[in-house]
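Heads up: the structure comes next, in structure tokens.
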Amino acid sequence: MATGYVPRDRVAQLTELLQKKTDNKLFIQEQHIHHDEHIPVQLQNKKTIRPFQFFLDLYSLPNYHEVDPSFFLFLGFPFLFGFMLGDFGYGLVTLSLFYFLKLKMQGKIAQQLFKILIIASLWSLAFGLFFGEFFGYEEIAGFHISHVIGREHDKMLLLGAAVIVGIVHVNLGLLIGFYNELQHHGLWHAFCAKISWILLQLGCLLLYLSYGMYLIPPIFGFVLLGISVILLYLGEGIRGLVELPSIFGNILSYARLMALGLASVGLAVVVNDMAAEFFHEPSILNIIVGIFILVIGHVINIALGILGPFLHSLRLQYVEFFTKFYSGGGIAYKPFGAEKE
Numbered sequence: 000m001a002t003g004y005v006p007r008d009r010v011a012q013l014t015e016l017l018q019k020k021t022d023n024k025l026f027i028q029e030q031h032i033h034h035d036e037h038i039p040v041q042l043q044n045k046k047t048i049r050p051f052q053f054f055l056d057l058y059s060l061p062n063y064h065e066v067d068p069s070f071f072l073f074l075g076f077p078f079l080f081g082f083m084l085g086d087f088g089y090g091l092v093t094l095s096l097f098y099f100l101k102l103k104m105q106g107k108i109a110q111q112l113f114k115i116l117i118i119a120s121l122w123s124l125a126f127g128l129f130f131g132e133f134f135g136y137e138e139i140a141g142f143h144i145s146h147v148i149g150r151e152h153d154k155m156l157l158l159g160a161a162v163i164v165g166i167v168h169v170n171l172g173l174l175i176g177f178y179n180e181l182q183h184h185g186l187w188h189a190f191c192a193k194i195s196w197i198l199l200q201l202g203c204l205l206l207y208l209s210y211g212m213y214l215i216p217p218i219f220g221f222v223l224l225g226i227s228v229i230l231l232y233l234g235e236g237i238r239g240l241v242e243l244p245s246i247f248g249n250i251l252s253y254a255r256l257m258a259l260g261l262a263s264v265g266l267a268v269v270v271n272d273m274a275a276e277f278f279h280e281p282s283i284l285n286i287i288v289g290i291f292i293l294v295i296g297h298v299i300n301i302a303l304g305i306l307g308p309f310l311h312s313l314r315l316q317y318v319e320f321f322t323k324f325y326s327g328g329g330i331a332y333k334p335f336g337a338e339k340e
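Okay, so the sequence shown: first residue is 0 according to numbering that gives the first Met the number 0, each after it adds one.
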């Protein structure tokens with residue numbers, strides 16, 4: 000007797016092949032999978048999303064009983080990267096650089112990484128338009144670049160945007176966690192373990208809005224807070240109560256989106272101002288020195304602008320997002336045999 004695993008969509012094909020090779024002398028039975036089995040997984044994603052499986056290879060594959068987060072990495076990582084880099088000129092440079100490296104380096108890991116960074120660079124271009132920045136400049140040749148948020152001046156608005164991104168991202172993780180729990184532990188446990196965290200945030204929001212807004216009495220916020228704490232205890236026990244403040248720490252962690260963005264634009268402005276001092280008194284030497292400062296300064300800033308957003312975007316995925324729904328520990332599916340072309 001032999002047992003093994005095969006992807007669901009290949010069961011009929013494998014059965015037909017085995018029966019053909021043995022003249023129908025085999026008895027093949029498809030068995031029900033038990034929840035506690037360590038079942039291998041084979042991720043199946045579209046071509047655009049597939050490179051983001053690289054981050055799961057670095058971290059841990061999803062187990063058989065939970066959602067594959069590759070699609071959410073495809074949405075989240077480049078967005079956060081672009082938010083932090085957020086300069087149209089830098090986006091053009093990184094897009095050109097990563098596209099060139101993708102053509103030159105053909106290894107599997109290199110191809111995955113550069114495809115990810117190309118998508119992230121496109122988001123940097125988009126946020127460059129959103130912030131109205133081109134190599135740190137908000138004005139080029141007398142033409143003012145329009146923007147939605149000016150990072151150099153609208154710091155509180157930028158912080159608010161970063162926190163809103165954090166709220167959306169963290170609660171998306173909780174909703175995915177709710178789906179995972181619903182599939183395997185039922186509606187009540189899923190509601191207590193995951194939705195209670197969302198109710199906790201809503202309770203705090205109602206309390207905040209009740210100050211100075213007589214249309215919302217504080218009692219509603221206190222009641223919702225009390226209900227959420229009780230549900231959280233029922234769903235996660237003492238551990239959930241101990242970790243109550245963590246949800247706000249997770250959200251505030253997204254303030255790094257503002258911090259790294261301000262650091263990048265601040266350095267770009269310093270480089271531009273230093274170079275401008277030499278261009279004010281034009282001479283061959285001054286022009287050469289000014290161009291040198293611009294090139295070296297922006298190259299350094301772009302290098303930092305790649306490294307910082309990459310690492311911090313990845314941290315936000317692993318620490319703030321994955322902890323809301325992801326267990327990992329999956330085993331990669333490896334076929335017993337395969338035909339060679």
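Virtual Cβ for every residue (Gly too), placed ideally from N, Cα, C.
Specify, as a first and last residue, the run of the alpha helix (DSSP H) that residue i falls within.
| i | result |
| --- | --- |
| Arg314 | Ile283 to Arg314 |
| Pro244 | Premise fails: Pro244 is in no alpha helix (DSSP H) and is neither H nor E. |
| Pro77 | Ser69 to Leu84 |
| Asp56 | Gln52 to Tyr58 |
Does DSSP put residue i in a helix, a strand or coil?
| i | result |
| --- | --- |
| Ala258 | helix |
| Pro216 | coil |
| Glu340 | With a pLDDT of 48 at Glu340, under the threshold of 50, the modelled position of this residue cannot be trusted; read the value that follows with caution. Coil. |
| Pro39 | strand |
| Ala331 | strand |
| Ser252 | helix |
| Asn44 | coil |
| Ala1 | coil |
| Val270 | helix |
| Phe26 | coil |
| Thr21 | coil |
| Glu280 | coil |
| Glu65 | coil |
| His31 | coil |
| Phe324 | coil |
| Tyr210 | coil |
| Leu91 | helix |
Give the single residue among the options whose Cα lies nearest to the Cα of residue i.
| i | options | result |
| --- | --- | --- |
| Leu312 | Thr2, Gly75, Gln30 and Ala1 | In the sequence under discussion, the amino acid at residue 312 is Ser, which differs from the Leu named in the question. That would be Gly75, whose Cα lies nearest to the Cα of Ser312. |
| Val164 | Tyr207, Ser95, Leu174 and Leu256 | Leu256 |
| Ser245 | Ile330, Val10, Trp196 and Phe324 | Trp196 |
| Phe97 | Ile27, Phe80, Leu116 and Gly88 | Leu116 |
| Ile272 | Tyr136, Ala125 and Ser69 | Sequence inspection shows Asp at residue 272; the Ile mentioned does not correspond to that position. Closest option to Asp272, Cα to Cα, is Tyr136. |
| Gln28 | Asp22, Thr21 and Thr14 | Thr14 |
| Leu310 | Leu84, Asp67 and Leu201 | Leu84 |
| Leu55 | Val270, Ser145 and Ile108 | Ile108 |
| Ile175 | Gly159, Lys193, Ile166 and Trp187 | Lys193 |
| Leu198 | Gly327, Ser69, Asp22 and Leu224 | Leu224 |
| Gly248 | Val162, Ile118, Asn23 and Phe99 | Val162 |
| Ser69 | Phe51, Leu79 and Phe78 | Phe51 |
| Ala331 | Gln43, His168, Gly202 and Leu102 | Gln43 |
| Ala1 | Leu205, Asp8 and Phe26 | Phe26 |
| Gly3 | Leu231, Ser227, Val40 and Gly307 | Val40 |
| Val298 | Ile32, Leu17 and Thr93 | Thr93 |
| Phe80 | Ala119, Gly236 and Tyr210 | Ala119 |
| Tyr232 | Leu214, Leu208 and Trp187 | Trp187 |
| Ser95 | Pro77, Gln110, Leu121 and Glu242 | Leu121 |
| Ile218 | Leu206, Ile229 and Ile226 | Leu206 |
| Ile226 | Pro216, Phe190 and Ser209 | Phe190 |
Shorter than 9 Å from the beta carbon of residue i to some beta carbon of chain D?
| i | result |
| --- | --- |
| Phe87 | Absent from the structure is chain D; it holds one protein chain and no more. |
Contiguous alpha helix (DSSP H) assignments of at least 4 residues, all confined to the stretch 104 to 160:
107 to 130
Just list the alpha helix (DSSP H) runs in the stretch 176 to 201, keeping only unbroken ones of 4 residues or longer that don't cross its boundaries, in chain order.
186 to 189
For the 8 Å Cβ check, are there 3 or more pairs between the stretch 301 to 308 and the stretch 258 to 271?
yes
Taking contact to mean 3 or more Cβ pairs, one atom from each stretch, closer than 8 Å, check whether the stretch 48 to 65 and the stretch 174 to 188 are in contact.
yes
Assess contact between the stretch 125 to 135 and the stretch 78 to 94, defined as three or more Cβ pairs (one per stretch) separated by less than 8 Å. Is contact present?
yes
Tell me, please, whether the stretch 45 to 60 touches the stretch 282 to 302 by the rule of three or more beta-carbon pairs shorter than 8 Å.
no
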